[in-house]
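There are 2 protein chains.
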Amino acid sequence: MTTSTTFHPPARLLLGPGPSNVEDRVLRAMSAQMVGYFDPSLVEVKSEITRLLRLAFGTLNAATFPLSGTGMAGMEAALINLLEAGDRAIIGVNGAFGDRMAQIVERCGATLIRIDAEWGRPIFPEQIEAALKKASGAKLFAVVHAETSTGVLQPLEGFRQVAERYQTTFVLDAVTSLAGHPVEVDRHGVDVCYSGTQKALSAPPGMAPITLSARAMELARGRKRKLQSFYFDVPLFAEYWETHQAYHHTPPITFYYALLEALRIVEEEGLEARFARHRLNHLALVAGLEALGLQMHVEAPYRLATLNTVKIPADVDDAKVRGRLLREFGIEIGGGLGVLKGKVWRIGLMGVNSRPNSVLLLLAALERILPNEGFSCGSGIAAANAVYAQG
Amino acid sequence: MTTSTTFHPPARLLLGPGPSNVEDRVLRAMSAQMVGYFDPSLVEVKSEITRLLRLAFGTLNAATFPLSGTGMAGMEAALINLLEAGDRAIIGVNGAFGDRMAQIVERCGATLIRIDAEWGRPIFPEQIEAALKKASGAKLFAVVHAETSTGVLQPLEGFRQVAERYQTTFVLDAVTSLAGHPVEVDRHGVDVCYSGTQKALSAPPGMAPITLSARAMELARGRKRKLQSFYFDVPLFAEYWETHQAYHHTPPITFYYALLEALRIVEEEGLEARFARHRLNHLALVAGLEALGLQMHVEAPYRLATLNTVKIPADVDDAKVRGRLLREFGIEIGGGLGVLKGKVWRIGLMGVNSRPNSVLLLLAALERILPNEGFSCGSGIAAANAVYAQG
């Protein structure tokens, strides 16, 4: 008999900013044996992934595929493929991920035009337009659809018109919105949109779905200087993805199995039903948290369904509450990032985890823990159940 | 009952240049449910991965971890973290992957000093030294330990002395050698060494194990200009890996499970036994191929055990033979890359696939196919079995 020690991860309910738990079907699909990256059987897998990603992104873009890195890699690829030294880029910063984009712009040697907003408020198209007026010829502007650091859902109306008026490129971060909120890339005139797989898709982290308009692909192909990155050179990767011939790198094949299965689950549920489910569980959670006596960080019209930020009450020990949730209940929630560190908790209800069981269990656990930590709270269960009863 | 279509990949014996088949234990480990990237349970996983990677690389380097991309990402990260515009880099090019390194050097805006050798021959330390004499102050030199495009095993003796004499940095590509050949980073004075996971480790593609000497980390930390890539910024990633606190990106957690299990299998087998196994199966394959009447592309002293290149006989249709192997036997072997396209087949015997069953089945299949394709061949089985009988 051969014996060995194997790692058995503890059972967790992942209600943090991501990763989310993975659908069982996805884990099973991903555990199938390997094939080569030119295997004929992958041709259909890839074209199905493209078809289903187009559905989730709301686009007809030819260039729609997963890059071989996490959502952060999607952000980097989106910006570096478009920007060259000397270009100007306008970045809306209302959270940590807008700030990341700004950092990448600077690392590219491009000129950063930074539009700051409060961490908890959206960016308005007028702000982008005002910046474009001053910096005519800016190559792109970018905003974050779902700010994972603040819980803000960025409304997308009005940006398309700005992009058209100033003949510029619209880049959108949809890491925490794809498959949880409508993204509608084509309707909103988004030129480059990227996401991750470990959020509302409930697949493991490791891929970055991305879609680029014909115009964006032309910009990436027409660079004066070759992109520094070979690995994230989108036109080169597109050649492998689309022709199934040119070797670029060995892609993460088991992740293709995983992504395909995750996207099929999305299609089976239906996008509208999925968005409605995310919204209902979000509303129930908010009702429950408020009934506990907690306050949301973001105003109602700008709240994400996938990522809920709630203020940590004064005198309550952030780390202690999160530690007890993890140890006593196996529940992970997120602490604040950047300027919100110690000020908010981040509660994700994404993909398979956006369900009444998650909401009710978390509320029950908080109801047990908070009074011991100096916050005398009510009960959230009845309020959440009332939301579910209304449907 | 809910039904759905799921992708079931065809059963393949992957004897190409990689990916290799994945160990069953690795697939099972990888299908465990997700935990968060700050989960306390990952602390031990990460430190075990580091311990076992140090063993495989033959190093005591503190900075030893898997980057969140494929082997190609490892190559890119190794070079871009060290090079800045204006630096000079000497690259030994004796195959497609040396050529890739050269391309990345140019994409960095560094000055490329290219040492070319025949595709099938190694690079000699004297060639690097001659280049260093002319280009004193070159920041690094790099060679490929296992050229996946040619089947050449690069001897590592002598480079350390050259690096010391010229106070420069030694970068080594070990994508197709790690866990199949001794790498011995510390003994050979290698400063940066990277690999992939889908070759002799028999894990899925998607991670790039890398190790950096203290000197290399100092260079990466002491850059004048911030690295363009945030995602592949090694000092930033090291902070997450080592402290388990700083958020950098959401790492591919299920891949950590996979890599840990793959490395445990390596440790259980023992490195020396594993190298001997790779060598024995390689020798049996070569004996068999030569008995079939085929000729190896590389001279005996420079042959890789993990990747065998054999000349395609005149008048034999490359694609047809590979197509029949795949369709009739489910066996994938690789065609030639670059200047070797149409001239050689690439036969990988890596990790779990380096075993007598792979060798004998491939020889038997070739013995069936080649005569139909105009090459009257002998039998390879007896010759291979003779090698196994000697052990």
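One line per chain: the protein sequences are A and B, in this order.
First residue of the first sequence: 1, per the working numbering; consecutive thereafter.
First residue of the second sequence: 392, per the working numbering; consecutive thereafter.
No residue lacks a Cβ here, since even glycine has one placed at the ideal position from N, Cα and C.
Because the structure is a prediction, the values reported are computed rather than measured.
Other residues of its chain near residue i: CB distance less than 7 angstroms, five sequence neighbours each side excluded
i               : result
V689 of chain B : G511, T541, G542, V543, T700
E106 of chain A : L112
R225 of chain A : E84
T70 of chain A  : G196, P205, G206, A208
N748 of chain B : none
CB contact check: residue i to chain B, cutoff 8 angstroms
i               : result
Q161 of chain A : no
G392 of chain A : Because residue 392 of chain A is not part of the residues shown, which for chain A are 1 to 391, the question remains open.
P66 of chain A  : no
T6 of chain A   : yes
Y240 of chain A : no
H181 of chain A : no
Q245 of chain A : no
R223 of chain A : no
R12 of chain A  : yes
G336 of chain A : no
I104 of chain A : yes
P19 of chain A  : yes
G342 of chain A : no
V185 of chain A : no
C377 of chain A : no
Same chain only: Cβ atoms within 6 angstroms of residue i, ignoring 5 sequence neighbours per side
i               : result
E261 of chain A : R25, V26, A29
Y693 of chain B : P513, V543, L544
F329 of chain A : A365
F159 of chain A : P125, F170
A508 of chain B : N485, I514
Neighbour flag for residue i against chain A, beta carbons, 8 angstroms
i               : result
M425 of chain B : yes
P595 of chain B : yes
E467 of chain B : yes
T697 of chain B : no
A420 of chain B : yes
V413 of chain B : yes
L754 of chain B : no
Cβ pair residue i, residue j closer than 8 angstroms
i               : j               : result
L360 of chain A : A382 of chain A : no
T169 of chain A : L219 of chain A : yes
G351 of chain A : A146 of chain A : no
R479 of chain B : K530 of chain B : yes
S422 of chain B : P642 of chain B : no
T539 of chain B : F488 of chain B : yes
M492 of chain B : M466 of chain B : yes
F398 of chain B : V45 of chain A  : yes
N-terminal and C-terminal residue of the beta strand (DSSP E) that residue i is part of
i               : result
K530 of chain B : Element bounds for K530 of chain B: n/a, residue is neither H nor E.
L27 of chain A  : Counting along the chain, L27 of chain A falls outside any beta strand (DSSP E), though it belongs to the alpha helix (DSSP H) covering 24-30.
Y247 of chain A : Careful: Y247 of chain A lies outside any beta strand (DSSP E) and carries neither H nor E.
P431 of chain B : No beta strand (DSSP E) contains P431 of chain B, which is instead part of the alpha helix (DSSP H) from 431-448.
G739 of chain B : 735-739
A89 of chain A  : 88-93
A314 of chain A : Counting along the chain, A314 of chain A falls outside any beta strand (DSSP E), and DSSP gives it neither H nor E.
F398 of chain B : Segment: none, F398 of chain B is in no beta strand (DSSP E) and carries neither H nor E.
D173 of chain A : 169-173
Extent of the continuous alpha helix (DSSP H) run through residue i
i               : result
G236 of chain A : The question names Gly, yet the displayed sequence has Leu at residue 236 of chain A. Residues 234-243.
T254 of chain A : 253-269
P762 of chain B : 747-763
I495 of chain B : 487-498
R114 of chain A : First-last for R114 of chain A: 111-116, but that is the beta strand (DSSP E), not the alpha helix (DSSP H).
CA-to-CA distance, residue j to residue i, given in whole angstroms
i               : j               : result
S213 of chain A : Y194 of chain A : 12 angstroms
I471 of chain B : I506 of chain B : 19 angstroms
F766 of chain B : V657 of chain B : 39 angstroms
V562 of chain B : L405 of chain B : 29 angstroms
A402 of chain B : L717 of chain B : 10 angstroms
G477 of chain B : D564 of chain B : 23 angstroms
G288 of chain A : S379 of chain A : 7 angstroms
L132 of chain A : Y166 of chain A : 7 angstroms
L292 of chain A : V344 of chain A : 15 angstroms
V321 of chain A : F429 of chain B : 16 angstroms
V581 of chain B : A533 of chain B : 10 angstroms
S177 of chain A : Y388 of chain A : 22 angstroms
Residues near residue i in its chain [Cβ-Cβ closer than 8 angstroms; skip 5 each side]
i               : result
V707 of chain B : L761, E764, G765, F766
N452 of chain B : R445, V576, D577, T602, L603, S604, A605
E414 of chain B : S593, A594, E652, A653, I656, G742, V743
Neighbour flag for residue i against chain C, beta carbons, 8 angstroms
i              : result
M72 of chain A : Absent here is chain C; the protein component of the structure consists of chains A and B.
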